[in-house]
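First comes the structure, then the notes that go with it.
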Amino acid sequence: MNDHFLIRSIDRTGAIFLIAVAAIAILVPFFNLAIPESSAFHMPTYLVALFGKYLCYAILALSIDLIWGYCGILSLGHGAFFALGGYAMGMYMMRQIGTRGVYADPILPDFMVFLNWKELPIAWYGFQHFAYAALMVVAVPGALAFVFGWFAFRSRVTGVYLSIITQALTYALMLGFFRNNFGFGGNNGLTDFKDILGINVQAETTRNALFAISCVALMLGFWVCRTVVTSKLGKVLIAIRDAESRTRFLGYRVESYKLFVFTLSACMAGIAGALYVPQVGIINPSEFAPGNSIEAVIWVAVGGRGTLAGAALGALVVNYAKTYFTSGILAPYWLFMLGSLFIGVTLLLPRGIVGTMHHWTALRRARISAAAEDGVAAPAPKHMPAE
Amino acid sequence: MASLTNALLYLDGVTVSFDGFRALNKLSFTIEPGEMRAIIGPNGAGKTTMMDVVTGKTRPDTGEVVFGGSHDLTTLDEAEIALLGIGRKFQKPTVFDSHTVFDNLELALKADRRVRTTLWWRETPDEHRRIDEILQTIRLTAVQDRLAGSLSHGQKQWLEIGMLLAQDPKLLLVDEPVAGMTDVETQQTAELLKEINREHTVVVVEHDMTFVRELGVKVTCLHEGSVLAEGTIDQVSENERVVEVYLGR
Numbered sequence: 177m178n179d180h181f182l183i184r185s186i187d188r189t190g191a192i193f194l195i196a197v198a199a200i201a202i203l204v205p206f207f208n209l210a211i212p213e214s215s216a217f218h219m220p221t222y223l224v225a226l227f228g229k230y231l232c233y234a235i236l237a238l239s240i241d242l243i244w245g246y247c248g249i250l251s252l253g254h255g256a257f258f259a260l261g262g263y264a265m266g267m268y269m270m271r272q273i274g275t276r277g278v279y280a281d282p283i284l285p286d287f288m289v290f291l292n293w294k295e296l297p298i299a300w301y302g303f304q305h306f307a308y309a310a311l312m313v314v315a316v317p318g319a320l321a322f323v324f325g326w327f328a329f330r331s332r333v334t335g336v337y338l339s340i341i342t343q344a345l346t347y348a349l350m351l352g353f354f355r356n357n358f359g360f361g362g363n364n365g366l367t368d369f370k371d372i373l374g375i376n377v378q379a380e381t382t383r384n385a386l387f388a389i390s391c392v393a394l395m396l397g398f399w400v401c402r403t404v405v406t407s408k409l410g411k412v413l414i415a416i417r418d419a420e421s422r423t424r425f426l427g428y429r430v431e432s433y434k435l436f437v438f439t440l441s442a443c444m445a446g447i448a449g450a451l452y453v454p455q456v457g458i459i460n461p462s463e464f465a466p467g468n469s470i471e472a473v474i475w476v477a478v479g480g481r482g483t484l485a486g487a488a489l490g491a492l493v494v495n496y497a498k499t500y501f502t503s504g505i506l507a508p509y510w511l512f513m514l515g516s517l518f519i520g521v522t523l524l525l526p527r528g529i530v531g532t533m534h535h536w537t538a539l540r541r542a543r544i545s546a547a548a549e550d551g552v553a554a555p556a557p558k559h560m561p562a563e
Numbered sequence: 070m071a072s073l074t075n076a077l078l079y080l081d082g083v084t085v086s087f088d089g090f091r092a093l094n095k096l097s098f099t100i101e102p103g104e105m106r107a108i109i110g111p112n113g114a115g116k117t118t119m120m121d122v123v124t125g126k127t128r129p130d131t132g133e134v135v136f137g138g139s140h141d142l143t144t145l146d147e148a149e150i151a152l153l154g155i156g157r158k159f160q161k162p163t164v165f166d167s168h169t170v171f172d173n174l175e176l177a178l179k180a181d182r183r184v185r186t187t188l189w190w191r192e193t194p195d196e197h198r199r200i201d202e203i204l205q206t207i208r209l210t211a212v213q214d215r216l217a218g219s220l221s222h223g224q225k226q227w228l229e230i231g232m233l234l235a236q237d238p239k240l241l242l243v244d245e246p247v248a249g250m251t252d253v254e255t256q257q258t259a260e261l262l263k264e265i266n267r268e269h270t271v272v273v274v275e276h277d278m279t280f281v282r283e284l285g286v287k288v289t290c291l292h293e294g295s296v297l298a299e300g301t302i303d304q305v306s307e308n309e310r311v312v313e314v315y316l317g318r
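The listed protein sequences derive, respectively, from chains A and Y. The first sequence begins at 177 in our numbering and counts up by one. The second sequence begins at 70 in our numbering and counts up by one.
So this is what it looks like as structure tokens:
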């Protein structure tokens, strides 16, 4: 095996995952742009945007799996970090509108003119620059997670209590962002975007580019998570998950480890949100809704907690199902289905999709090695490749 | 703080109350460097609370706890105390179930515990050799790749002792190491502890009198949070007060 540090952390599942995402990054734009609309193989542009949105959810799911699956921190407020990243990107695009807005104010976004504001709030300074906005996409969720985590982990708030506080965090932010005088567009949020980096955000090519960028971000996010969880630090995280006080008595400063991974996870969620907003064209306070964060945890549970690839897969599967079922006659029953899905997975498939697959592989290997240990000339199982 | 005493561990007048119940009542004793001490006492005598105080899990209401002559343990938290060189084995074997035996030892191995160095840490051949040695000492070489959760109760106890060795502490606190072990395992554990005692100071809390006799070390008997008697196992077990406490009054 190659031991280069860039790929050392990638196992077989990881390699399959990365190749699959890379293939999607190339194939989807290909079927959208290169195949003529008249062809049956043409992929409609709305689907590109839809799948792009799922990819952002997959990145959010990765960030949740990193802390929940590997460190046992069940955050029910990760939607807050996602939304903050989204708002940072939205603010950049609002300031790009300039004189093309309804009120044609060169500086103030429309909603500020409408509210009769004369000056740009300080929080909006700098957002005309993409680089600054991109920094804020990571820095704002990261800083909030750092401050929140510093207090929570130092006071040793764990388990269900931590989950409840994270719910409160996202709920409080939602209430704040709903208020007009909070300065971020109130309940309408930010929308009516024109362009990003000087390119029309609605254009077909832009949508495909955003899609491909989301794929790359998902791959990078996956690689970062794998690098963390396969390092010794990753082993410490699992140790904290399984026996927190034991880890402390070994001399590890548990709160620092939690703080590190929680902040990293929040930064990832922020990036996911920033990629999400240009693809859906709007960000409003409902993204902070506590239900969103809970739904994201369900994706991870369905795909397989502590498997990373499973978390991303779960996000894709559940969201595709959501789109499918909420657009037909089953629409009124979607929430019931989501609820039964969660209960069903918890009872019947506690390891999730990918976790169950890993478990089966492990059982099969154990059976083979047990047969070999018995000293019987066990016939080579058919599914094993010949040496 | 200037050196107050030559003792490795020095407890003076330590009192801990939970809701009015005095778990420790002006407890005082000292442990000399290199010694092995057995601490016995009936249920509720304060043995585990004493360990909690020494390892930073519980803060005493009053009293002094000094380690190595100069470190006031009452002001430090668990991680700081562990880094000073106090290792603890719990009553119920606590190992990391979803890690392999080898990884359990690797996590315990003495090393820089900071987040950044841990993230970029790579195992050196020296460290690998050290873990191999410990695996031999605790007789778990054959199962080093198994998940710790799949070990038998006795193997888990040994793995946890191995983790203590990997930490290379100055003082080992061992809480009921032979609870639930077979007679053979109990005897092997006694040998293991004696071997460990050659290089480390050890405090063993134990109920099992045969085991304590096997260790053949100085015994401290606790009762209602204070020292009732101290001496060899024969002296202590002949002490009238001790007999009274153990047999009921």
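The C-beta atom is built at its ideal place from N, Cα and C for all residues, glycine as well. Predicted model only: the values in this text are computed from it and were never measured.
Taking 7 Å as the upper bound on Cβ-Cβ separation, chain A lies near residues Arg182, Val184, Thr187, Leu188, Trp190 of the region 182–195 of chain Y.
With its beta carbon at least 8 Å from every one in chain Y, Leu539(A) lies outside the interface.
Under DSSP, Cys290(Y) shares a beta bridge with Ile109(Y), Ala298(Y). With a cut-off of 8 Å on Cβ pairs, the region 233–243 of chain A is in contact with the region 398–413 of chain A, counting three or more such pairs. Distance from the Cα of Tyr337(A) is smallest, within the candidate group Pro282(A), Leu311(A), Gly266(A), Leu250(A), for Leu250(A).
At a C-beta separation below 7 Å, Asp166(Y) has these neighbours in chain A: Asp418. In the three-state scheme derived from DSSP, where H, G and I count as helix and E and B as strand, Ala180(Y) is classed as coil.
Distance between Ile100(Y) and Val296(Y), taken at the CA atoms: about 13 Å. In the three-state DSSP reduction, Tyr301(A) falls in the coil class, being neither helix nor strand.
In the structure shown, Gly138(Y) adopts coil according to DSSP, grouped into three states. Of all C-beta pairs linking the region 125–143 of chain Y to the region 181–195 of chain Y, fewer than three are shorter than 8 Å, placing the two stretches out of contact.
Exposed is the label assigned to Glu260(Y), since fewer than 16 other Cβ atoms lie within 10 Å of its Cβ. At a cut-off of 8 Å between beta carbons, Gln236(Y) contacts chain A. Ranking Leu93(Y), Arg128(Y), Gly103(Y), Thr210(Y) by CA distance to the CA of Leu262(Y) puts Gly103(Y) first.
Taking all protein chains shown into account, Phe87(Y) has fewer than 16 neighbouring C-beta atoms within 10 Å of its C-beta and is therefore exposed. Annotation: the continuous alpha helix (DSSP H) that includes Gly231(Y) extends over 222–236. With a beta-carbon spacing of about 7 Å, Thr189(A) and Val530(A) fall inside the 8 Å limit used to define contacts. Among the residues of the region 191–208 of chain A, none has a Cβ less than 9 Å away from any Cβ of chain Y.
Non-local C-beta neighbours of Lys239(Y) in its own chain, meaning closer than 6 Å and more than five positions away in sequence, comprise Gly154, ordered along the chain.
Pairing Gly294(Y) with Thr84(Y), the inter-Cα distance amounts to about 8 Å. Judged by DSSP in its simplified three-state form, Ile200(Y) adopts helix. Scanning chain A for C-beta atoms nearer than 7 Å to the C-beta of Leu152(Y) yields Gly427, reported in chain order.
Leu176(Y) belongs to the set of residues whose beta carbon lies under 8 Å from a beta carbon in chain A.
Between Gly325(A) and Lys434(A), the C-beta gap is smaller than 8 Å, which places the two residues in contact. Put simply, the backbone Cα of Pro205(A) is about 21 Å away from that of Gly449(A). In this structure, Asn356(A) lies away from Gly365(A), with their beta-carbon atoms at least 8 Å apart.
The three-state reading of DSSP puts Ser86(Y) in strand, counting E and B together.
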